[in-house]
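Peer 1:
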Amino acid sequence: MKNVADQRYYLVREDVLTDAMQKTLEAKYLLQTGAVSSIWDAVKQVDLSRSAFYKYRDAVFPFHSIVQERILTVFLQLEDRKGTLARLLLTVTETHCNILTIHQTIPIQGRANVTLSLDVTAMDVELDDLMQQLKKLDFVESAEVISSGAL
61 MKNVADQRYY
71 LVREDVLTDA
81 MQKTLEAKYL
91 LQTGAVSSIW
101 DAVKQVDLSR
111 SAFYKYRDAV
121 FPFHSIVQER
131 ILTVFLQLED
141 RKGTLARLLL
151 TVTETHCNIL
161 TIHQTIPIQG
171 RANVTLSLDV
181 TAMDVELDDL
191 MQQLKKLDFV
201 ESAEVISSGA
211 L
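Add 60 to the 1-based position in the sequence shown for the numbering used here, that's all there is to it.
#1: Apart from the five residues on each side of it in sequence, which residues of its chain come closer than 6 Å, Cβ to Cβ, to Thr165?
#2: Assign Thr144 to buried or exposed, taking buried as 16 or more other Cβ atoms, counted over all protein chains shown, within 10 Å of its Cβ.
#3: Apart from the five residues on each side of it in sequence, which residues of its chain come closer than 7 Å, Cβ to Cβ, to Met81?
#4: Scan the segment 148-184 and note each continuous beta strand (DSSP E) run of 3 residues or more that stays entirely inside, going in chain order.
#5: According to DSSP, what are the bridge partners of Ile131?
#6: Is Ser98 helix, strand or coil when you go by DSSP?
#7: Give a yes or no on whether the C-beta atoms belonging to Val106 and Lys83 are separated by under 9 Å.
#8: So who's on the other strand from Gln137, going by DSSP bridges?
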């Protein structure tokens, strides 16, 4: 998979999207509005396979949501040391990212996984620079973008 910063984005007319892409957008809308409560219900209602939904859900967006939403999800594997989460969060906030969610696993064998969802609307560095800053932290074993929203 390409680095998010290296990916290109295109604005295309709805009529050139595949049926699966259009149905994915419909399913996402049903979920967003609360018309259905689960992905299973959404894909069933629009007659789409779950695998197709998962394939396209992070790749197709209505134009208005791209303009408004700039959410980045980052997965990191950290060494379990005192103060690592605090230092990680300080590094993120110094780039003016707004931390939306934090999920940390219980450390096992000296390592913990952390997933951060960030609003990057006010971020003052390039995505590659943020990722390099995170990877340079001595306790970060790996860092990767797992969802890019509208970047």
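We put the CB at the ideal spot given by N, CA and C, even for glycine.
Peer 2: Let's see:
#1: In the sequence shown, the residue the question calls residue 165 occupies position 105. These residues qualify, in order along the chain: Ala172, Asn173.
#2: Numbered from 1 along the sequence shown, position 84 holds the residue referred to as residue 144. By the neighbour-count rule (16 or more Cβ atoms within 10 Å), Thr144 is buried.
#3: Counting from 1 along the sequence shown, the entry for residue 81 is found at position 21. Excluding sequence neighbours, Met81 sits near Tyr116, Val120.
#4: 158-164, 171-179
#5: For the purposes of this step, residue 131 is taken as the residue at position 71 of the sequence shown. Answer by DSSP bridge pairing, in chain order: Asp179.
#6: Taking the sequence shown and counting its residues from 1, one reaches residue 98 at position 38. Coil at Ser98, not helix or strand.
#7: Residue mapping note: residue 106 aligns to position 46 of the sequence shown, counting from 1. Residue mapping note: residue 83 aligns to position 23 of the sequence shown, counting from 1. Yes, the pair counts as a contact, with Cβ atoms nearer than the cut-off.
#8: Your numbering for residue 137 matches position 77 in the sequence shown. Paired residue(s): Asn173, Ser202.
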